[in-house]
Ligand code: HEM
């Protein structure tokens, strides 16, 4: 009996101590309006059993709040959800929000690396890699982007006038082959048989699915529990099977082909990472390679696939894109060589890509950890240790910033004149601030080149209706039905 009393007393004491120590956290949280998260028995059952499609629905539900800011509790984690671009600006530029919450880091096997690494680690690595993702560094990649896109166009010849096919598979093979080539690793993926080519996609999909599920299943956060679950085995297996299998070879290849001199100006970010002056271990470099592959491969393939699906559904817009291409390159079916100055001329195509990424952001929300108390606007203080979810997808469709037709597809919003009137933090496909996407210029260049070459050669059509599309999220938002398109030779 005494033992039980002592036990109850200890538990009550610890609970009171916990709340007392964290009283400011709970006080500040109480001042922020609450959004709806369904905590009924059914709601909790859904959280425990949800797959990633259901999880996306649940998260979207929790954003259903008209106020500028909302909070939602996900068990013990406090999420702050800002819904106005001024607050998003503060968050993306505040030093105390550079870090990612622990539950995001837990969910990845890439415990280091730019995407999931700790703050100090991220800062030093970003500095090493940034110059290669700048304008000058990327200029040298234009011939490679042309060459890889030309292979895509050639490969698709046998799909002309055939059944609908999922263009994402072709585009993801292109983006992977390209990024591996950038890392000086020569591998032929586009020309593989679909069965062997798609193995990679399948395992990458499985890997990210598990990472996403783990983020929201808090009981799987402690490594000790995760490692005895079947998911861990599955994640290790998929990681070894997908592109991560290339990482050892990439490093070995560069190490054997070069003697990296400390004073030598490196030609690629891979060589920069291998420079002895940074003293990085092989594991650190591998994590970085994986971060760039994960960050850069599926993302641009999804955005390009979605652009083609939208063009297939909006023939007038497709025609305008083609008119622009013909104006720049002449009326020909031949695949031209796209130069840097052409990229600047592809103004309408860029407007279309932006409008697609507004309506269907590849990364629909990003998460940050609040390290120290943060003041938002005049009314709210966000307590330290909260997590912030920036709901990119909601801000992109907020009528206050995009007008009453915010749900409609209209590339004209991105004309120079119209876009200059939009809040700079109302459009966030690559996030913003110091931790924004390092590869955004790379992605825009590659997408413009591959879409131009594709559209010069093929007309694109689809039987998929936009209002029937279903989406799922595993960090990235994808169409459940696949990006099913049909192609015909374009008549000039
Ligand atoms: C349409 C294509 C792309 C989209 C929509 C996209 C989107 C994003 C977003 C929203 C983030 C910020 C995530 C956060 O703050 O939590 C991010 C980070 C990142 N992206 Fe991209 N990305 C794209 C293409 C690329 C490419 C092509 C590369 C590399 C070649 C790349 C590499 C990275 C890396 C390394 C990070 C982590 C940056 C850091 O934490 O400092 N991304 N991306």
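Residue numbers (my numbering): 468 to 959.
All C-beta atoms in this analysis are idealised placements derived from N, C-alpha and C, irrespective of residue type, glycine included.
Every value quoted in this text rests on a predicted model; they were computed, and no experiment measured them.
Taking DSSP as the reference, what is the three-state secondary structure of residue i?
i: residue 946; result: strand
i: residue 903; result: coil
i: residue 549; result: strand
i: residue 928; result: strand
i: residue 541; result: strand
i: residue 491; result: helix
i: residue 688; result: coil
i: residue 863; result: coil
i: residue 558; result: helix
i: residue 835; result: strand
i: residue 959; result: coil
i: residue 652; result: coil
i: residue 841; result: strand
i: residue 670; result: helix
i: residue 501; result: strand
i: residue 536; result: strand
For a quick check, are the C-beta atoms of residue i and residue j less than 8 Å apart?
i: residue 898; j: residue 833; result: yes
i: residue 636; j: residue 665; result: yes
i: residue 896; j: residue 818; result: no
i: residue 599; j: residue 736; result: yes
i: residue 943; j: residue 754; result: no
i: residue 676; j: residue 941; result: yes
i: residue 930; j: residue 496; result: no
i: residue 820; j: residue 914; result: yes
i: residue 959; j: residue 800; result: yes
i: residue 634; j: residue 916; result: no
i: residue 547; j: residue 760; result: no
i: residue 873; j: residue 864; result: yes
i: residue 858; j: residue 625; result: no
i: residue 523; j: residue 685; result: no
i: residue 428; j: residue 950; result: The requested residue 428 does not occur in the structure, where the chain is confined to residues 468 to 959.
i: residue 714; j: residue 654; result: no
i: residue 792; j: residue 912; result: no
i: residue 776; j: residue 918; result: no
Let's see if you can read the secondary structure: which residues bound the alpha helix (DSSP H) around residue i?
i: residue 487; result: 469-488
i: residue 639; result: 634-649
i: residue 793; result: 782-796
i: residue 955; result: Counting along the chain, residue 955 falls outside any alpha helix (DSSP H), though it belongs to the beta strand (DSSP E) covering 951-956.
i: residue 619; result: 609-622
i: residue 816; result: 814-826
i: residue 586; result: 586-596
i: residue 884; result: 883-886
With distances taken from CA atoms, which of the options is nearest residue i?
i: residue 830; options: 804, 621, 860; result: 860
i: residue 538; options: 558, 498, 614, 562; result: 498
i: residue 594; options: 876, 786, 745; result: 745
i: residue 862; options: 555, 941, 620; result: 555
i: residue 957; options: 946, 852, 699, 925; result: 925
i: residue 901; options: 909, 890, 955, 835; result: 835
i: residue 683; options: 782, 797, 545; result: 545
i: residue 785; options: 762, 872, 876; result: 876
i: residue 723; options: 651, 782, 698, 680; result: 651
i: residue 841; options: 542, 557, 552; result: 557
i: residue 928; options: 889, 779, 870; result: 779
i: residue 802; options: 621, 816, 774; result: 621
i: residue 827; options: 619, 933, 809, 471; result: 933
i: residue 659; options: 672, 774, 640; result: 640
i: residue 822; options: 770, 852, 782; result: 770
i: residue 616; options: 642, 602, 627, 603; result: 642
i: residue 923; options: 805, 937, 644; result: 805
i: residue 837; options: 488, 482, 568; result: 568
i: residue 586; options: 562, 696, 846; result: 562
i: residue 500; options: 535, 946, 489; result: 535
i: residue 747; options: 565, 592, 602; result: 592
Taking the continuous beta strand (DSSP E) assigned at residue i, which residues delimit it?
i: residue 962; result: This structure cannot settle anything about residue 962, because the visible part of the chain is limited to 468 through 959.
i: residue 602; result: Where residue 602 is concerned, there is no enclosing beta strand (DSSP E), although the alpha helix (DSSP H) it sits in stretches over 602-606.
i: residue 756; result: Residue 756 -> not in any beta strand (DSSP E); alpha helix (DSSP H) instead, spanning 749-763.
i: residue 739; result: First-last for residue 739: 736-741, but that is the alpha helix (DSSP H), not the beta strand (DSSP E).
i: residue 856; result: 854-857
i: residue 849; result: 847-849
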